[in-house]
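To start, the structure under review is shown below, and the notes come after it.
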Amino acid sequence: MKKMKNPTFRESRGPMQQKRRTVPLGMLRRFLAASIFSIVVTSFFFVHVHVSPSPTHHNFSDKIPSFYDPQSWTRELVPPYLFKTPLSVPKLKDSRKESDYEKLWKPPPYHGFIPCTKPTPNYTTPTRSRGYLSVHTNGGLNQMRTGICDMVAIARIINATLVIPELDKKSFWHDNSNFSDIFDDEWFISSLANDIKIIKKLPKELVNATKIVMQFKSWSGMDYYENEIAALWENFNIIRASKSDSRLANNNLPPDIQKLRCRACYEALRFSPHIEKMGKILVERMRSLGPYIALHLRYEKDMLAFSGCTHELSTVESEELRLIRENTTYWKRKYINPIEERSKGFCPLTPKEVGIFLTALGYPSKTPIYIAAGEIYGGEFHMTDLRSRYPLLMSKEKLASIEELQPFSSHGSQMAALDYIVSVESNVFVHSYPGNMAKAVEGHRRVLMRGRTITPDRKALVRLFDKLENGSMTEGKTLSNKIIDLHKRRLGFFGKRKGPVSGTKGLDRFRSEETFYANPLPGCLCRTESLSINASQYR
Numbered sequence: 001m002k003k004m005k006n007p008t009f010r011e012s013r014g015p016m017q018q019k020r021r022t023v024p025l026g027m028l029r030r031f032l033a034a035s036i037f038s039i040v041v042t043s044f045f046f047v048h049v050h051v052s053p054s055p056t057h058h059n060f061s062d063k064i065p066s067f068y069d070p071q072s073w074t075r076e077l078v079p080p081y082l083f084k085t086p087l088s089v090p091k092l093k094d095s096r097k098e099s100d101y102e103k104l105w106k107p108p109p110y111h112g113f114i115p116c117t118k119p120t121p122n123y124t125t126p127t128r129s130r131g132y133l134s135v136h137t138n139g140g141l142n143q144m145r146t147g148i149c150d151m152v153a154i155a156r157i158i159n160a161t162l163v164i165p166e167l168d169k170k171s172f173w174h175d176n177s178n179f180s181d182i183f184d185d186e187w188f189i190s191s192l193a194n195d196i197k198i199i200k201k202l203p204k205e206l207v208n209a210t211k212i213v214m215q216f217k218s219w220s221g222m223d224y225y226e227n228e229i230a231a232l233w234e235n236f237n238i239i240r241a242s243k244s245d246s247r248l249a250n251n252n253l254p255p256d257i258q259k260l261r262c263r264a265c266y267e268a269l270r271f272s273p274h275i276e277k278m279g280k281i282l283v284e285r286m287r288s289l290g291p292y293i294a295l296h297l298r299y300e301k302d303m304l305a306f307s308g309c310t311h312e313l314s315t316v317e318s319e320e321l322r323l324i325r326e327n328t329t330y331w332k333r334k335y336i337n338p339i340e341e342r343s344k345g346f347c348p349l350t351p352k353e354v355g356i357f358l359t360a361l362g363y364p365s366k367t368p369i370y371i372a373a374g375e376i377y378g379g380e381f382h383m384t385d386l387r388s389r390y391p392l393l394m395s396k397e398k399l400a401s402i403e404e405l406q407p408f409s410s411h412g413s414q415m416a417a418l419d420y421i422v423s424v425e426s427n428v429f430v431h432s433y434p435g436n437m438a439k440a441v442e443g444h445r446r447v448l449m450r451g452r453t454i455t456p457d458r459k460a461l462v463r464l465f466d467k468l469e470n471g472s473m474t475e476g477k478t479l480s481n482k483i484i485d486l487h488k489r490r491l492g493f494f495g496k497r498k499g500p501v502s503g504t505k506g507l508d509r510f511r512s513e514e515t516f517y518a519n520p521l522p523g524c525l526c527r528t529e530s531l532s533i534n535a536s537q538y539r
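Below is the structure:
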């Protein structure tokens, strides 16, 4: 501001000009002084209000774009190629070449498929309810989640009023969360109002009424529910389902029932606001690192004990897992041959094997990887090899402060919900074992048309990994080419849901099918000729 006092400001003027402008110049100086003071005060206030409220906060928000919608991952049913401006995908610093993007990050082609969850023209609003369907869910978060969606469809089939389901609080996870702690119950009720009637609790006069408690038959179709179960209304006002998992068939159901399952799962069953908010924060913090892989690493104590898989574990660890399996009454298989299970591809990949797998696929060491899992068995010891290959291993605990995670940390299902959100939104999703979460995320990503989902061929990979161990093969181009070739068609391509394995009978026949929630096609994804033409220009 000293330039304003420079004599040259007046030297260009004559005496008469100086005299005439003496008063205006003084006013100008006072005005400029007042303006500078105002700017200083405003600047001080601006800096003050942007100070981080907590010294422990990671300050990731400085890097996070503000356009992200907290609940967009549950609402974005419009595929990317229908946006006016094509979505841009950032690339890693050492993956700038287009060929690297094509090989590592490019989503599978949509081939004209789009979500189609709206009812058909013949669909009617629910008629007068014949009674109440009360449900006790079972299993972990994703087993309960898909079970709830099935119960919505079953309530429609038997013309029942659905009581908000009770969540499993006694299984391995020991989570005492209620439905409203994990899911947005108000949204759940209102969004399905044109499909079924849902209430939060039974009417007081019916709390002690006689009810029938039963376990619906697994993978049952329309005939079972329309005839055998609906007939129970003649004697009971309340039917209580003691289990919710896999109670409805994957296939051979009316189109409107399949669409209803998808509306329930991908639109109505939204996580509660506090979970959505934290999930959004984790997603944005991962995105600030670049395109990322979400790795569902099933290497927790419960998974290893249940499966009987002990490869790369010590004798002490193997014995601990065996005792857990023997003492868990609702696990039917007690004696398991771990070598045989692994050779058949029934075991989850170990963290070390996952590292070899991702390296062979070509993902560079700077790739950010989000570990979607509970506590890894053996802790950091079993993660050493994977971390040496990929130092940017992130998790909820690394992305968020202790204070941010405190509301969720003592609730296993809520923590799993955060992993679910980050996994659905990832550029690439990889799982080490196709459990309930892996299947649920895979199906959700298909409906939302997210990036590629890689399904490892564990049986084929085990043979290659064994060759590495016995020295008959080394890591390098030959191994990489073999693994890439094995997984060309395992990147989440759109295709019709696979039916039962030939020769299987009874319940094994249904178990061998590709589950509806892993691949809701046919049912909730449709293809038209016009859309196929529009989509082709974006491939």
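Heads up: the sequence shown at position 103 corresponds to 103 in our numbering, and the numbers run straight through without jumps.
Glycine residues also receive a C-beta, built at the ideal position from the N, C-alpha and C atoms.
Check, Outcome
"Within 10 angstroms of the Cβ of Glu-442, are there 16 or more other Cβ atoms? Answer buried if so, exposed if not.", "buried"
"Quick one: does Leu-491 have its CB under 8 Å from some CB of chain D?", "The chain inventory of the structure shown lacks chain D, comprising one protein chain alone."
"Taking all protein chains shown into account, do 16 or more other C-beta atoms lie within 10 angstroms of the C-beta of His-431, making it buried, or fewer, making it exposed?", "buried"
"In chain order, what residues of the same chain lie with their CB nearer than 7 Å to the CB of Cys-116, ignoring the 5 residues before and after it?", "Cys-524, Leu-525 and Cys-526"
"Which residues in the same chain as Leu-349 place their Cβ atom closer than 8 Å to its Cβ, once the five residues preceding and following it in sequence are excluded?", "Phe-357, Ser-432, Tyr-433, Pro-456, Arg-458 and Leu-461"
"Just grab the DSSP bridge partners of His-136 for me.", "Glu-166"
"Starting from Val-316, follow the alpha helix (DSSP H) in both directions and report where the run begins and ends.", "315-327"
"Counting only runs of 3+ residues fully inside the region 205-277, write out the beta strand (DSSP E) ranges in chain order.", "211-214 and 238-241"
"Going by C-alpha to C-alpha distance, which of Asn-250, Trp-187, Asn-178 and Tyr-123 sits closest to Glu-514?", "Asn-250"
"Indicate whether Ala-417 and Arg-298 have their beta-carbon atoms separated by less than 8 Å.", "no"
"Let me check one thing: in DSSP terms, what residues is Phe-183 bridge-paired to?", "Phe-271"
"Ala-155 and Ile-189 - do their beta-carbons sit closer together than 8 Å?", "no"
"Leaving out five residues on either side along the sequence, give the residues of the same chain with a beta carbon under 8 Å from the beta carbon of Thr-474.", "Leu-468"
"If distances are taken between C-alpha atoms only, which option among Glu-312, Met-415 and Leu-393 comes closest to Tyr-377?", "Glu-312"
"Measure the alpha-carbon distance for Tyr-292 versus His-487 and round it to whole angstroms.", "19 Å"
"For Asn-142, tell me which candidate among Asp-245, Val-163, Ala-241 and Ala-209 has the shortest Cα-Cα distance.", "Asp-245"
"Using only alpha-carbon positions, find the residue among Leu-133, Ser-480 and Asn-470 that is nearest to Lys-211.", "Leu-133"
"Need the endpoints of the beta strand (DSSP E) that Cys-526 sits in, please.", "525-527"
"Taking buried to mean at least 16 other C-beta atoms within 10 Å of its own C-beta, is Met-214 buried or exposed?", "exposed"
"Considering only C-alpha positions, which residue in the set Thr-161, Ser-220, Ser-472 and Met-222 is nearest to Lys-201?", "Thr-161"
"Taking C-alpha atoms, which residue in Ala-305, Thr-315, Pro-407 and Gly-503 lies nearest to Glu-326?", "Ala-305"
"Whose C-alpha, out of Ile-157, Glu-300 and Thr-315, is nearest the C-alpha of Tyr-224?", "Ile-157"
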